[in-house]
Structure formats: C-alpha cells, structure tokens
Amino acid sequence: MTGPENRCRLVLIVPDIADADEQANIVADALKGGDVASVIVPQYGLDAGAFQKHAEKLVPIIQNAGAAALIAGDSRVAGRSKADGLHLTGSAAEIAEAIDKHAGKLIIGGGKATDRHSALEIGEARPDYIFFGKLDGDIKPEAHPKNVALGEWWASMIEIPCIVMGGIDPASALVVAESGAEFVALRLAVFGEPGLAPSVVARVNALLDEKAPRFGD
Numbered sequence: 001m002t003g004p005e006n007r008c009r010l011v012l013i014v015p016d017i018a019d020a021d022e023q024a025n026i027v028a029d030a031l032k033g034g035d036v037a038s039v040i041v042p043q044y045g046l047d048a049g050a051f052q053k054h055a056e057k058l059v060p061i062i063q064n065a066g067a068a069a070l071i072a073g074d075s076r077v078a079g080r081s082k083a084d085g086l087h088l089t090g091s092a093a094e095i096a097e098a099i100d101k102h103a104g105k106l107i108i109g110g111g112k113a114t115d116r117h118s119a120l121e122i123g124e125a126r127p128d129y130i131f132f133g134k135l136d137g138d139i140k141p142e143a144h145p146k147n148v149a150l151g152e153w154w155a156s157m158i159e160i161p162c163i164v165m166g167g168i169d170p171a172s173a174l175v176v177a178e179s180g181a182e183f184v185a186l187r188l189a190v191f192g193e194p195g196l197a198p199s200v201v202a203r204v205n206a207l208l209d210e211k212a213p214r215f216g217d
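Following the UniProt record's numbering, the numbering of the sequence shown begins with 1 at its first residue and continues without gaps.
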C-alpha cells in the first residue's frame, strides 16, 4: 500500500468550541483516526488571551499526532504556543509581509484567493500553500464548485501546494482530490458529530487511499 504522500491529504479545521479542554479532547480523538497533514486553529470569537489558552492546549496535541499546527491570524499566539505556522486570510501584501518576517521559522499560507487574479498575486509572495475557500465555508454537503475549479486550475499550473475547503459531507474530500489539489480541508464533516470524528477521519483516508488520483501518474 502506498503512503498518503503521493495523493491528496487531509487538513482539519478546529471546530468552534468555547471550552478549551473539550475542544482539545475532540481534536485529539479526531487525530487518532489516521493521517492528517495539518490542523488549522481559527480564533472564532475568542479574545487574544482565551485564544492563547486554546492554542497552548491544541498545538502539542496536534504536533504529537504528527500534524503541523497552524494558527489562524495571530502571529504572537503562533509564536507563544510554538505552533508550526500561521494561516492568513488577508491580502497578498499581508502574506508577503508575514513571509518576510517569519521566513524559515513558520509555515506561512492561506490568502484571500477568491479568483484567479488574487490567487496569482498571493502566489507571487511564494507562500508555503494557498487556500481556496473560507475556514467556515462548509455550509453545504459539497465543496463549493468555484473553489474546486480554482484548485484544479492552480494545481495544473503552479507548484505551490493548495488546500481546497471541502463540504459538510465527508465524501466531498474525493471531489477535491480529483481536482488535483494537494490538500482538502474539512471541519463540520469531521466535527459535526464529535463522537464520530475519528471514524470519519479513518473513512476519508480510506476513500482517498482507494480512489484519489496519485501525483506523478
């Protein structure tokens, strides 16, 4: 059996849970389900202090599972929690500035890539990855067709990896994989019923193992 390195891999987006211990336990359970490349930690409505506490609980759990911990938006929280990277949802200029500041120390990626033009502008900054969609954009069972199309276009042309936001249905991961995108991000598909999170991660990985196209084929 080939490893996941040569096919689309899973990225998890931490769910919006106010209790830091509960959130950490749910994420830890999900990560027991199988291969996860990285986990993005959004701030949601937390103030900086609460976000810091959440991040400090989550980052070691994510890293111990072999995934990269990416903090959304706040470089100070990323640094203090010893996260692996910073996920930004701003302009190409914001990403370029962060790359200049943290190059070699943090993974920097994301971007407000809503169309081809903005995606290429972000690409010029040479981020570690580009993200198509919104972190809370899983509002339908399927991945947004526009994001899938952008991922397919990007993956066919650009070497910088892309993450495409999936839908609420775990099977949406395969549609993203078939676009050629290197990563698919899931949130509610995995965490909608927290008790099922590890089995959903396992199921998605099995689906991708069986049916996702292989890179380089």
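Note that beta-carbon positions come from the ideal geometry of N, C-alpha and C, so glycine has one too.
How many Å lie between I99 and A78 at the Cα?
Working through the sequence shown from its first residue, we reach residue 99 at position 99. Working through the sequence shown from its first residue, we reach residue 78 at position 78. Looking at the two C-alpha atoms, the distance is approximately 14 Å.
Out of C8, I26, E5 and L31, state which residue places its alpha-carbon closest to the alpha-carbon of residue 232.
Outside the displayed range of the chain (1 to 217) lies residue 232, so it cannot be described from this structure.
Please list, in chain order, all residues of the same chain as P198 whose beta carbon is under 7 Å from its beta carbon, the five residues on each side excluded.
Locating residue 198 in the sequence shown gives position 198, where the first residue counts as 1. Leaving aside the five residues that flank P198 on each side, the residues in its chain whose CB is nearer than 7 Å to its CB run, in chain order, D29, A30, K32 and G33.
Taking all protein chains shown into account, decide if S81 is buried (16 or more other Cβ within 10 angstroms of its Cβ) or exposed.
Working through the sequence shown from its first residue, we reach residue 81 at position 81. The residue in question, S81, is buried, as its Cβ has 16 or more Cβ neighbours within 10 Å.
Rounded Cβ spacing between I95 and L88 (contact assumed at less than 8 Å)
What you label residue 95 is simply residue 95 of the sequence shown in a count that begins at 1. What you label residue 88 is simply residue 88 of the sequence shown in a count that begins at 1. Yes, they are in contact, since the Cβ atoms of I95 and L88 sit about 5 Å apart, within 8 Å.
What does the Cβ neighbour count give for H54, buried or exposed, with the cut at 16 atoms within 10 Å?
The residue given as residue 54 occupies position 54 in the sequence shown. With at least 16 other beta carbons inside 10 angstroms of its own, H54 counts as buried.
Using a Cβ-Cβ cut-off of 6 Å (strictly less than) and excluding sequence neighbours within five positions of P141, which residues of its own chain qualify?
On the sequence shown, position 141 is the one that residue 141 refers to. For P141, where only same-chain residues beyond five positions count, the Cβ hits under 6 Å are G167, I168 and D169.
Do E178 and residue 219 come within 8 Å of each other at the CB atom, strictly closer than that value?
Nothing can be reported for residue 219: it is not among the residues displayed for the chain, which extend from 1 to 217.
Go through its chain and collect everything with a Cβ distance to F51's Cβ below 8 Å, but skip five positions before and after it.
Here the question's residue 51 lines up with position 51 in the sequence shown. Here the set comprises Q43, D74 and V77.
Any chance you could list the alpha helix (DSSP H) runs of at least 4 consecutive residues sitting entirely within the region 139-198, in chain order?
At a cut-off of 4 residues, the continuous stretches assigned as alpha helix (DSSP H) that sit fully inside the region 139-198 are 145-157, 172-178 and 188-191.
What are the boundary residues of the alpha helix (DSSP H) that A50 is part of?
Position 50 of the sequence shown, counting from 1, holds the residue named residue 50. Taken as a continuous stretch (DSSP letters only), the alpha helix (DSSP H) holding A50 covers A48 to N64.
A212 in three-state terms, based on DSSP:
To locate residue 212, count along the sequence shown from 1; it is residue 212. Coil.
C-alpha distance - A20 paired with G49, whole-angstrom precision
In the sequence shown, counting from the first residue as 1, residue 20 sits at position 20. In the sequence shown, counting from the first residue as 1, residue 49 sits at position 49. Going from the Cα of A20 to the Cα of G49 covers about 12 Å.
Determine which residues share a DSSP beta bridge with H87 and list them.
For this step, residue 87 is matched to residue 87 along the sequence shown. In the DSSP assignment, the residues bridged to H87 are A72 and G109.
Identify the residues that DSSP records as bridge partners of Y129: which are they?
On the sequence shown, residue 129 is found 129 positions in, with the first residue counted as 1. For Y129, DSSP records a beta bridge to G109.
Beta-bridge pairing of L10 - partner residues as DSSP gives them
The residue labelled residue 10 in the question sits at position 10 within the sequence shown. Answer by DSSP bridge pairing, in chain order: V184.
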